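With this note's numbering applied, the sequence shown corresponds to residues 652 to 800, in that order.
A quick write-up on the structure given underneath.
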Amino acid sequence: MKKSYTLRAEAHFESGEVDAQHRQLTKAMSDLRRRIDRYDDARAAEELEEFIQYLNSYFLYHTFTEEKLMFDNQYPGDAYFEHQREHKSIVLDLLKLMEGETPRNHLRITATAPKERARQLIDGFEQWLHRHIEDLDRKLLEFLRTKGA
Ligand SMILES: [Fe+2]
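Here it is in C-alpha cells:
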C-alpha cells in the first residue's frame, strides 16, 4: 500500500492510462472495504491512516495525469477549469482528512469509530468518483478520442 508517485512534467500519458487509474482506485476501495470488516478497531485505525495517505498520493497523481492530458491536447479552457475545480474540491477533502480535520466538500465523515470512519470514506469517495467519471471524465475521454490521444 505504501507507494509514492513521482510527478514529472515531461511525462506522456495516453487516455487508456486514465481508465487504468480509475480501475486501480475502484479496486483499492473494494479491497479496503473487504479488509476492514475483518479488523478490530486498533488495526482498522492504522489501516485507515495508511489508506488516507495512499489515496492522497494516488489521487494527486491521477489528477496530474488527467490535467496533463487536457493541457497537452488543448482541452477547451472552460471545461479544463471546471474539471480542475472538481479535482481540487475532493483533494481538499483528502488533505483535511490527512490533517485530522473534517472535510467540507464531498466526504461526510462524522463517525468516530475507525471502522465506521473507513466505511464513510469509502462510500463518500466511491460516490464522488462514480459521479465524476460519468460526467466530467466521460466528456474528457470523448474529447481525447477525437484527438486520437
Ligand atoms: Fe477527472
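From the three backbone atoms N, C-alpha and C, an ideal C-beta is built for every residue, glycine too.
Computed from a predicted model, the values in this text were never measured in an experiment.
Query                                                                                                     : Result
Please state if the CB of Val-669 and the CB of Leu-780 are separated by a distance shorter than 8 Å.     : no
For Arg-759, name the three-state secondary structure that DSSP assigns.                                  : coil
Report the CB separation of Val-742 from Thr-763 in whole angstroms; it is logged as a contact under 8 Å. : The pair is not a contact, with the Cβ atoms about 24 Å apart (cut-off 8 Å).
Any heavy atom of ligand 1 closer than 7 Å to the CB of Glu-717?                                          : yes
Do you know how far the Cα of Leu-706 is from the Cα of Gln-675?                                          : 11 Å
Please name the residue in Arg-686, Lys-766, Gly-751 whose C-alpha comes closest to that of Gln-704.      : Gly-751
From the DSSP output, in three-state form, read off His-663 for me.                                       : coil
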